Structure formats: C-alpha cells, structure tokens
Amino acid sequence: ISGVPKNNQNGTVEDIEVGGSPAFDNSTQGGETIFVSGSFGTLTMGDTDGALDWALTEAIIGSAINDDHEHAGYNGNSGLDGTYDGQIARYDYSFGDFGFAASAELSDDNSGDDVFGLGGKYSGDFAGVALGFGLGYQTADNADIIGVSVSGKLASGFQAILNYTDLDGVNGADNHTGVALGYNTGAITVAMNYGVFDLVGGGENEGYGLIGNYDLGGGASLQAGYGHSTVGGVDGDRYSFGVAMAF
1 ISGVPKNNQN GTVEDIEVGG SPAFDNSTQG GETIFVSGSF GTLTMGDTDG ALDWALTEAI
61 IGSAINDDHE HAGYNGNSGL DGTYDGQIAR YDYSFGDFGF AASAELSDDN SGDDVFGLGG
121 KYSGDFAGVA LGFGLGYQTA DNADIIGVSV SGKLASGFQA ILNYTDLDGV NGADNHTGVA
181 LGYNTGAITV AMNYGVFDLV GGGENEGYGL IGNYDLGGGA SLQAGYGHST VGGVDGDRYS
241 FGVAMAF
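Under UniProt numbering, read the sequence shown as residues 1 to 247, first letter to last.
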C-alpha cells in the first residue's frame, strides 16, 4: 500500500508507504518481511538484516549462478542475526549522505539475552571516487561483534571493498578480514575476493573467489564463478558456469 495519508497535528498530510513480501502469512515465518516507511524513516520486521549487516558492505562483487565465488573465508556480515528465530525488527533513517539503524531480535522463550544492534553508514563522492563507509555493532549474552567496511568505485569501472569484523569468539572465530576487487566495462564484469577467519586458539579458515559476468540484456547474463577454500589445512574447490535470468 503506497501513499496512505496521515494527518499530522500541524494539519499537514504525510504519505506513508506500507508493504511486505508477497508470501507474507501471519501464521508462519518463512522469509517474509513487512515494513512501514515515511519521512520518519523505515520500520522493517521479519526475515530482514540486523543493523550491523544493514550498515556494512560485503567484500564480494558480481554474481555466480551457484554462489561459487563464496568460500570458507567469506563473511556475509550476518553477525548475530538468526541467534533465535530470525525474526528481526529494524528501524533505519537516512538524511543526506548519512544513515543509521537500530535492530532487535528477541529471545521468545527467554533462553538468553535479546540481540541488539546499531549501525551507521555514509556515502559520498570525493574527487570522482564514490566512497562508502559503514560501522556496525551487535551484542547478546556474552557475544559482541563490531565491524567496519570501506568501499570505493571509480568512474572508470574499478571497484574495491575492504571489510573487517571483530567477532569476539562467535562461531569459534576471533576476527575476519575480507577484500574484493572488481572491474566493469560495458556488459562485462570481472572480480575477485579474498577472506580469512582467524580462529580462537589459532588456525585459519580462508578462501578466495573469482567471477566473470556478461550482461546479455533483457534480464539474462552469462555467469562464471570459482571458489577455493582452505579449512584445517584441507583444500576444496567449486565452480559453475551458466546463464542466469531475472524477470
């Protein structure tokens, strides 16, 4: 529902947008979301990102039909999202080039502390470079996560992303570092990414990914992807090639 009028106390009328995913069902939770948006900001509830994930840019560029450019060192910035039932409430507000968000995921059965998050981001152009900065924090029980990301894109098509997260022992990891580099010209995009989790007590889980995309037009694209992972000293590889179509 878009353009729902709201009469303010000062006599003015404000448009409010209300929406949700097509499969929304109030008796189940299988990935649905619902939101209310207006000049006051946006409140989203359901299977949505927490404030940390909302604020940070993932160190990955391009697409593969089976996400094969993801690997053991890849971090999607989900942080503590999904600690309980995955139903998250997030409020976000943007003004100019700045934005901030706050989120919560409640422990319905009181089995642990609720998950709370805060995030902020900034985007702007500097000397022809489109820069983005993100900072996010989440906490629950004895777990705390703080992360930062920096991204830059040139008009010539070169792009770079750097992402760092202090995980404080979450999922056995102490911290994560990720970097991605990419280039786009016309219908062609090529990119690589690398990531590493430093584990509590020593050791690493790391990997790198490569992609090549060609836009065929009309929502179709050729996608090639490759990922290499090293976990506990054991190497693994995966790859894919095909046509992806979006309608």
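Just so you know, even glycine gets a beta-carbon here, dropped at the ideal spot from N, CA and C. Remember, it's a predicted structure, so these values are computed and weren't measured experimentally.
- Within its own chain, the residues whose Cβ lies closer than 7 Å to the Cβ of THR57, once the five positions on either side in sequence are excluded, are GLY132, GLY134, SER149, SER151, ILE161, ASN163, listed in chain order.
- If you draw a straight line from the Cα of LEU154 to the Cα of ASP125, it comes to about 10 Å.
- In the DSSP annotation of this structure, the continuous segment of the beta strand (DSSP E) that includes ALA220 starts and ends at 220-231.
- GLU17 counts as exposed, since fewer than 16 other C-beta atoms from the protein chains shown sit within 10 angstroms of its C-beta.
- When GLY73, ASP53, ILE60, GLY62 are compared, the shortest CA-CA separation from ILE88 is found for ASP53.
- Per DSSP, the continuous alpha helix (DSSP H) segment holding ALA51 begins and ends at 51-55.
- The beta carbons of THR139 and PHE116 sit closer together than 7 Å.
- When the five nearest sequence neighbours on each side are left out, the beta carbons in the same chain lying within less than 7 Å of the beta carbon of TYR214 are those of ALA187, ILE188, SER221, LEU222, in order along the chain.
- Residue environment: THR185 is assigned as exposed (fewer than 16 neighbouring CB atoms within 10 Å of its CB, all protein chains considered).
- Taking the C-beta atoms as reference points, ARG238 is found no nearer than 7 Å to ASP67.
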